[in-house]
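Beneath this line is the structure, given in structure tokens, with notes to follow.
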Amino acid sequence: MARLAKGVLVGGMALVAAFSGGMVRAEILGPALINRTNVDTAANYMFLYDNGTSTPGFTQWGLVTSWAFYNDNGTAQGNRQIEPVILKKTGTDSWVITGVGQPITTPANMTGVQTFPFILASGSPVVGPGYTFAHRDLNNAGAIEYDASASGVHRYLYRGGNSDVVGDLLSGFSSAGRIYSIQFTTQNQPMVQIGNPLINRAIDDGGSGIFIHTQEFPFWAPVVEWAFYDNDNFSPDR
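Using the numbering used here, read the sequence shown as starting at 3 and increasing by one per residue.
In structure tokens, the structure reads:
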């Protein structure tokens, strides 16, 4: 079973987790890639996939490998830029950007499903429970077909001239009233965790330095997250 990846500094020992090397099935997230009624006419909006649950997107830990959308309008929306984005939910209506993909330029003539590799521009391609995806129309109108629906799973936010930067906190997305023909695909992988239990311990470090955990990673993989335990009221801002 997939586990939360963490790295922890406790009493001079580090706890870190990363992906295992064994590949398992892919996860495909998003509505069906089918013909829909509308295409956006405004520029610089971001469209977030949110199915309304506490974990609104991906259900398994993995790496985003590709994404696809549907457009069969011929040359009408050709040569437009779209940027793929990965976000993590941090609150009721709060999201942090964790990965930004290289923008693509839509083909001059589109006749159906358009598929692209997810090429990382910044951040991480890692996703898991609590993570979702978005797309942004860059300085041009949209190219991905959508339906307006009360049961929609996409929310939108005007980004204007703001760049999408890893670590940016976003809020103020609209209610979910649209369904876009877009999907993200991941290569799923289980997780491994190393280090010490996150419990109360007797001593705090008295000086600065680097503390190296002697347990080695068993394979090459990206580190996803780290954490530590501290319940002392007298040691803030360190």
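Heads up, the beta-carbon is just placed ideally off N, CA and C, and yes, glycines get one too.
Exposed or buried, which one is Asp234 when buried takes at least 16 other CB atoms within 10 Å?
So Asp234 counts as exposed.
Report the rounded CA-to-CA distance for Gly64 versus Gly54, giving the unit in angstroms.
Going by the C-alpha atoms only, they are around 21 angstroms apart.
Sequence-distant residues of its chain with Cβ nearer than 7 angstroms to Gly13 (five each side left out):
Only weak support is given to the placement of Gly13: the predicted model assigns it a pLDDT of 38, under 50, and the value that follows is read from those uncertain coordinates. Counting only Cβ-Cβ distances below 7 angstroms, and skipping sequence neighbours, we find Arg203 and Ile205.
Is it buried or exposed, Gly9, if we count other Cβ atoms within 10 angstroms and call 16 or more buried?
Reliability of the predicted coordinates at Gly9 is poor, the pLDDT of 36 falling under 50, and the value obtained from them is presented with this limitation in mind. Taking every protein chain shown into account, the CB of Gly9 has 16 or more other CB atoms within 10 angstroms, so this residue is buried.
For Gln79, I'd like the list of residues in its chain whose CB is within less than 8 angstroms of its CB, leaving aside the five on either flank, ordered along the chain.
Excluding residues within five positions, the ones whose Cβ falls inside 8 angstroms are Val41, Asn73, Thr108, Met112, Ala143, Gly144 and Ala145.
Here's a check: name, in chain order, each residue in its chain whose Cβ is nearer than 7 angstroms to the Cβ of Tyr182, leaving out the five neighbours to either side.
Cβ within range, chain order: Pro33, Phe49, Ile146, Tyr148 and His156.
Under the assumption that Lys90 contacts Tyr133 (Cβ atoms under 8 angstroms), give the Cβ distance between them as a whole number of angstroms.
Right, their Cβ atoms sit about 5 angstroms apart.
Can you tell me whether Gly1 is buried or exposed? The criterion is at least 16 other CB atoms within 10 Å of its CB, across all chains shown.
Residue 1 lies beyond the stretch modelled for the chain, which goes from 3 to 240, so this question has no answer here.
Would you give the residue range spanned by the beta strand (DSSP E) that Ala28 belongs to?
Looking at the DSSP string, the run of the beta strand (DSSP E) that includes Ala28 is Ala28 to Leu31.
Residue nearest to Gln217 in terms of C-alpha spacing, selected from Asp207, Val194 and Gly211
When only C-alpha atoms are compared, the closest one is Val194.
Determine, using beta carbons only, whether Asn164 and Ala45 come nearer to each other than 8 angstroms.
The Cβ atoms of Asn164 and Ala45 lie no closer than 8 angstroms to each other.
Taking 6 angstroms as the limit between beta carbons, can you name the residues of its chain near Glu85, skipping five residues before and five after?
Listed in chain order, the non-local C-beta contacts of Glu85 below 6 angstroms within the same chain comprise Pro105, Arg138 and Leu140, local neighbours out to five positions each way being set aside.
Once you ignore the five residues that flank Thr67 on each side, which residues in its own chain have a CB closer than 8 angstroms to its CB?
Excluding sequence neighbours, Thr67 sits near Ala28, Pro119, Phe120, Pro127, Thr187, Thr188 and Gln189.
Based on DSSP bridge pairs, tell me the residues matched to Val66.
Bridge partners of Val66: Thr188.
Go through its chain and collect everything with a Cβ distance to Ile77's Cβ below 7 angstroms, but skip five positions before and after it.
Looking at the sequence itself, residue 77 is Thr, so the reference to Ile does not match. Sequence-distant Cβ neighbours of Thr77 in its own chain, meaning closer than 7 angstroms and more than five residues away, are Ala110 and Asn111.
Buried or exposed for Pro58, please, with buried defined as at least 16 other CB atoms from any protein chain shown within 10 angstroms of its CB.
Under this definition Pro58 is a buried residue.
Is there at least one non-hydrogen atom of the ligand NAD closer than 7 angstroms to the beta-carbon of Trp228?
Because no ligand of any kind appears in the structure shown, any question about the ligand NAD cannot be addressed here.
Please list the terminal residues of the continuous beta strand (DSSP E) segment that includes Val115.
Looking at the DSSP string, the run of the beta strand (DSSP E) that includes Val115 is Met112 to Pro119.
What's the call for Leu171, buried or exposed, on a 16-neighbour Cβ count within 10 Å?
By the Cβ-count criterion, Leu171 is exposed, with fewer than 16 other Cβ atoms from all chains shown falling within 10 Å of its own Cβ.
Cα separation between Phe135 and Phe71?
In a straight line, the C-alpha of Phe135 is about 13 angstroms away from that of Phe71.
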